[in-house]
Each structure stands twice: as structure tokens, then as C-alpha cells.
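Residue numbers (the numbering used here): 62 to 170. We treat Cβ as the ideally placed atom computed from N, Cα and C, and that holds for glycine. Take a look at the structure set out below.
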Amino acid sequence: MATTIPPPKARGIDHRLPTCGETQCNGHGTCVPPPGGGTDFVCDCILGYKGEFCDDTVHGDLSLPLTLSVLAVIVGLLILAFIFAKLRQRQKRRRRSNVAASYGYDIAV
């Protein structure tokens, strides 16, 4: 009678289980022992995240200055476009008056 031996079960860490960084640190950091020692773990957040459980973004603090700087650039570009249009208008007016003067026309521009 032949009996089959079941394959040995893997021992050790089950990698399918969520890690401490995925559960406690919301997937945005790793669990490390606290600096003073102790049994609880603290989160060491990756770049762009902060807070006790890595749930706050750093980018939230940058939203107002970033918005204001983008608006300043847009307003600056609009002012430059307005100045450029006025200069071209003045240039055309001078060119027309010079052409008119060369033909002997006396027109008010």
C-alpha cells in the first residue's frame, strides 16, 4: 500500500499578510522602534507625508503659495502682452504717418 507524504508547509513569515507599515502607517511609511525604546512602533513616513500615522500630506501646506505664484505669473504675462500690443500699435501709427508724409499727405493719425 502506497502512502503519499504531504509536501512540507512553509514556515516563517507569511508575506501575504499586511505589514505594519501598510496597516499602521497607511502604506506611506515603515514601522520603526521609538527613539527612546519601548514596545510600540512609530511611523517613519516617506517623502511627501507626515503625521503620527503618515496620513497628512506635505503638499497641503504648499497649495496657497503655489496658487498665488501661478496667479502672479499669469498676471505678469498679461501685463507683458498688453505692453507689447501697445508698443506695436504705436509702431504702426508712426510707420503710417511716415509713409503718409513721404507721399505728401497731411493726415492726422
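- The three-state reading of DSSP puts G137 in helix, counting H, G and I together.
- Under the three-state reduction of DSSP, C106 is assigned to strand.
- Going by beta carbons, G109 and V93 fall outside the 8 Å limit.
- Distances from the alpha-carbon of K111 to those of T100, D101 and T91 put T91 closest.
- For T84, the secondary structure class from DSSP, reduced to helix, strand or coil, is helix.
- For T91, the enclosing beta strand (DSSP E) covers residues G90 to V93.
- Each residue's CA atom was taken as its position, placing K153 and A142 some 17 Å apart.
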